[in-house]
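Letter by letter, the sequence shown follows residues 11 to 480 in our numbering.
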Amino acid sequence: MKKFLDEDGGGEKLKTSVHFIHSDKEVRNIFINGLKDDPVQPIHQDDQLIFYVFVPLSTSEIEYIKYIAGELRKKAEKFSITSLKVLFDGFYELKYLKRKQCIYAFFEGWYLASYRFLKYKSTAQERKIRITYDPIYNALEAEALLVANAVCVARDLCNEPANKLTPISYARKIDALFKDTKVKVTILDKQALLDHGFHATYEVGKGSNHSPKVALLNYENGGKKKMALVGKGVTFDTGGMNLKQVSDIVDMKMDMGGSASVIGAMKLVESLQVPVNLQAIIPLVENIPSFNSYLPSDVIRYANGKTVEVGNTDAEGRLILADALLYAQKVGATWITDIATLTGTIGQALGLNRAGIYSNQLESISYYEEISAQTGDFIWPMPLVEEYNDLLESECADIKNISSSPFGGSITAAMFLHSFITDNSKWIHIDMANVVKPFKVKGYYVDGASGFGVRLLTELIRREVNGNRC
Numbered sequence: 011m012k013k014f015l016d017e018d019g020g021g022e023k024l025k026t027s028v029h030f031i032h033s034d035k036e037v038r039n040i041f042i043n044g045l046k047d048d049p050v051q052p053i054h055q056d057d058q059l060i061f062y063v064f065v066p067l068s069t070s071e072i073e074y075i076k077y078i079a080g081e082l083r084k085k086a087e088k089f090s091i092t093s094l095k096v097l098f099d100g101f102y103e104l105k106y107l108k109r110k111q112c113i114y115a116f117f118e119g120w121y122l123a124s125y126r127f128l129k130y131k132s133t134a135q136e137r138k139i140r141i142t143y144d145p146i147y148n149a150l151e152a153e154a155l156l157v158a159n160a161v162c163v164a165r166d167l168c169n170e171p172a173n174k175l176t177p178i179s180y181a182r183k184i185d186a187l188f189k190d191t192k193v194k195v196t197i198l199d200k201q202a203l204l205d206h207g208f209h210a211t212y213e214v215g216k217g218s219n220h221s222p223k224v225a226l227l228n229y230e231n232g233g234k235k236k237m238a239l240v241g242k243g244v245t246f247d248t249g250g251m252n253l254k255q256v257s258d259i260v261d262m263k264m265d266m267g268g269s270a271s272v273i274g275a276m277k278l279v280e281s282l283q284v285p286v287n288l289q290a291i292i293p294l295v296e297n298i299p300s301f302n303s304y305l306p307s308d309v310i311r312y313a314n315g316k317t318v319e320v321g322n323t324d325a326e327g328r329l330i331l332a333d334a335l336l337y338a339q340k341v342g343a344t345w346i347t348d349i350a351t352l353t354g355t356i357g358q359a360l361g362l363n364r365a366g367i368y369s370n371q372l373e374s375i376s377y378y379e380e381i382s383a384q385t386g387d388f389i390w391p392m393p394l395v396e397e398y399n400d401l402l403e404s405e406c407a408d409i410k411n412i413s414s415s416p417f418g419g420s421i422t423a424a425m426f427l428h429s430f431i432t433d434n435s436k437w438i439h440i441d442m443a444n445v446v447k448p449f450k451v452k453g454y455y456v457d458g459a460s461g462f463g464v465r466l467l468t469e470l471i472r473r474e475v476n477g478n479r480c
């Protein structure tokens, strides 16, 4: 006997399995009224609960495999499943994707969809579902789990409330995350900030009772070149004295999303034992108005002697990133990538499912986009427009931190950062303000932070280490 089930539990006592189907005929026989945007259909047949998953033979995007795995995980949870047997035979038949590639993607999507941020829930319990499969795929599952765990580290950090993740507690958390690993953590505070040239970080963070910090993470594993990641770590951004509107301030606990991406990537690089010498520089501040806050019209002198007029205290991210970019070059990094929830205007330009990427390596931009499609952290190329430097002119300093035009805000922010990069450094800038949360809570995305950037940063590093054209 075969019947369709509602999502009301009841599957915990049944034998459960997953079958992948491909043809329109199979779909007509199994799915109710077509797919209706739901490629997963549970069917109760005798003493079994079978999840039929539709994967067209012509599937060419690996992201779809991750998507269906995530949808399957969520549906299995709704049926109170505790164990699920997955039959991967269906992946043998796909035309454009390799079997191992698909199976790896399935595991990644499954584990990413398993994430829940329940730390502050009094009664909620995490539902664990054990999947069984042919053990020849154990290695694929193990690597996918490493990736998912690293992404979920970033999600955890972004989901923390601002009163629990201050610059001080964040620094402690970073130190704890890398305990007993090959990553050496150094935390700079007070005078050490100024001694190491983080003048803007000090200025931006001095208004908060939670004093600014800088986390320096160093991983040395035999690489030939020095590489650096820079992540914006604003634990909460009110806008400072240029206070944000109510509608813009709601998710500002996630204004440290770039730093979370960097931390997740460092965890993954270390777990995968990538042969690289990698430095991460993470300035940590809370940007709030107070009697001691930095002000519009202030002038900040950077470690390289460059002066910046503060045109708007809500453009603080680029100020602290510039500190970190200078430090990265000072310690000898010749490949530098910064990532930040930098501008709201990137969302106006690209919508909510593509981060913007800028680089002084124009010939590699399309390659970066290709890598992003493979990882699932999607990006879109953005231009560095030299003429826009005129919009950053200051009457009293070398440059201003805000454009004189209301248009092209993400580009002018990138141009500001670009002015701190020397010609002999490979530089990538990723503006991820629009993707720190998922566009849609579907597939392997869940409520809360997306964990964007961890997979992309790691793969960019691996490709560069392997001599590919990054």
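Positions of the beta carbon are idealized from the N, C-alpha and C atoms, including for glycine. Here the structure is a predicted model, which is why all the values come from computation and not from measurement.
List the DSSP bridge partners of residue i.
i, result
"F61", "V28, P52"
"A290", "L227, L239"
"K410", "E319"
"T248", "Paired residue(s): none; T248 is not in a bridge."
"E296", "F246"
"L199", "Checking the sequence, you will find Asp at residue 199 rather than Leu. K223."
"V193", "Y229"
Which of the three DSSP states, helix, strand or coil, is assigned to residue i?
i, result
"I375", "helix"
"Q111", "helix"
"S369", "strand"
"A313", "coil"
"H439", "strand"
"S257", "helix"
"D166", "helix"
"V446", "coil"
"V279", "helix"
"P391", "strand"
"I349", "strand"
"D16", "With a pLDDT of 47 at D16, under the threshold of 50, the modelled position of that residue is not reliable, and no figure is offered here."
"F89", "coil"
"S404", "coil"
"Q135", "coil"
"Y304", "coil"
From which residue to which residue does the alpha helix (DSSP H) around residue i run?
i, result
"R473", "464 to 475"
"L335", "326 to 340"
"L427", "419 to 428"
"D185", "177 to 187"
"T355", "355 to 360"
"H209", "209 to 215"
Leaving aside the five residues before and after residue i along the sequence, list all residues of the same chain whose C-beta is less than 7 Å from its C-beta, in chain order.
i, result
"T176", "H220, T245, E296"
"Q111", "I72"
"F301", "none"
"R465", "V157, V161, T385, G386, D387"
"A154", "Y114, F117, E118, Y121"
"T211", "L203, P222, V224, P293, V295, I330, D333"
"L97", "S27, V28, H29"
In angstroms with no decimal places, state the Cα-to-Cα distance between residue i and residue j.
i, j, result
"V63", "A160", "27 Å"
"G477", "A343", "16 Å"
"L104", "N148", "21 Å"
"I375", "I438", "9 Å"
"K447", "D258", "14 Å"
"V214", "E326", "7 Å"
"K450", "Y77", "12 Å"
"K234", "V475", "8 Å"
"H428", "D190", "36 Å"
"L203", "H209", "7 Å"
"Q135", "D144", "29 Å"
"F462", "C168", "10 Å"
"T432", "I178", "32 Å"
"S404", "E319", "7 Å"
"Y125", "V456", "7 Å"
"P285", "E230", "8 Å"
"T248", "D199", "22 Å"
Below 6 Å CB to CB, which residues in the same chain sit around residue i once its five sequence neighbours on both sides are set aside?
i, result
"F30", "V63, V65, G100"
"K436", "W345, Q371"
"A334", "V240, I291, P293"
"A313", "G207, L336"
"I356", "G366, S420, D441, A443, N444"
"D18", "Residue placement at D18 is poorly supported in this model, since its pLDDT is 49, which falls under 50; the coordinates still yield a value, given next. Same-chain partners within the cutoff: there are none."
"I381", "E469"
"K277", "A160, V163"
"K410", "E319, G321, L402, S404"
What residue range does the beta strand (DSSP E) around residue i cover?
i, result
"L94", "93 to 96"
"I141", "140 to 142"
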